[in-house]
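In the working numbering, the protein residues as written are 61 to 351. Glycine is no exception: its CB is placed at the ideal position from the N, C-alpha and C atoms.
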């Protein structure tokens, strides 16, 4: 059990404590641990004999931008998919803020698998944008963004319409509200998908190789939108990407995945300029040669 830093008895012994200098107080605030908004605790996920997440531990703080890199099959996309409960986990716990995602306590306080209602509530804090756009082809851009807030959140159609128009304006598609997916470029469709995810008011945004299906010019459009979201909105972001330049420029932290674990992590400068692990060096060298 963790011992509290102070108790009422402790304070009574120091009824007139010496006040902290403002600079000391600021320093203490800066060093105070920040409670994670996402936490993986010894999470394991296997497909048959293949372990894709191997006792994974990862904490992400509010507002942090984390880039996830690594070779194919290292567990990067599975990390995002279990966060969206598109895949189950075999062991461990996942927390979103103060809530467990895939488990819940029963009446006796024992953790049991979470029911659908609990999962939907906690998962509502997360939005995800996939490699494929997955837009409804028979709906306009505006209708695609309106659908989930009305059907899932119970938002009034007039409010949902106003919010959808604002979000499409945010991603640079204010003039495309009435366009169908077939009338939009790949980059525009991906930006509609980003607006659709934002319409659910998530606290955490997941991006799974969102530019992999786009040519370089359209890729830039989407990355600029993500940059804008990161700089103008206090969203926590986890981004699986092969765009090393973007990860280096945009992320607060880079995690290199290998064999279902975080093999190495640090600031972009640490990972890209001074990697410590041989496998990280080999991966970055291969990516550099390929480009």
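Is it buried or exposed, residue 218, if we count other Cβ atoms within 10 angstroms and call 16 or more buried?
That one is exposed.
If you run the structure through DSSP and keep just helix, strand and coil, what is residue 97?
In the structure shown, residue 97 sits in coil (DSSP, three-state: anything other than H, G, I, E or B).
By DSSP, does residue 324 sit in helix, in strand, or in coil?
Strand.
Within a Cβ cutoff of 8 Å, which residues of the same chain sit near residue 234, ignoring the five residues on either side of it in sequence?
The residues are 225, 228.
Specify, as a first and last residue, the run of the beta strand (DSSP E) that residue 117 falls within.
Counting along the chain, the beta strand (DSSP E) containing residue 117 begins and ends at 110-120.
Since residue 298 and residue 154 are thought to touch, with beta carbons under 8 Å apart, how far apart are those beta carbons, to the nearest angstrom?
Actually they do not touch by this definition, with Cβ atoms about 12 Å apart.
Can you tell me whether residue 139 is buried or exposed? The criterion is at least 16 other CB atoms within 10 Å of its CB, across all chains shown.
The residue in question, residue 139, is buried, as its Cβ has 16 or more Cβ neighbours within 10 Å.
Between residue 269 and residue 186, what straight-line distance do the alpha-carbon atoms span, to the nearest angstrom?
Near 17 Å, if we compare the C-alpha coordinates of residue 186 and residue 269.
Check residue 103 in the structure and name its three-state DSSP category.
In the structure shown, residue 103 sits in a strand (DSSP, three-state: E or B).
Quick one: grab the DSSP three-state call for residue 274.
Three-state DSSP puts residue 274 in coil, outside helix and strand.
Rounding to the nearest angstrom, what Cα-Cα distance links residue 334 and residue 324 in this structure?
Cα to Cα, the separation comes out at about 11 Å.
Considering Cα atoms alone, identify which of 96, 318, 176 is closest to residue 115.
Checking every option, the nearest Cα to that of residue 115 belongs to 318.
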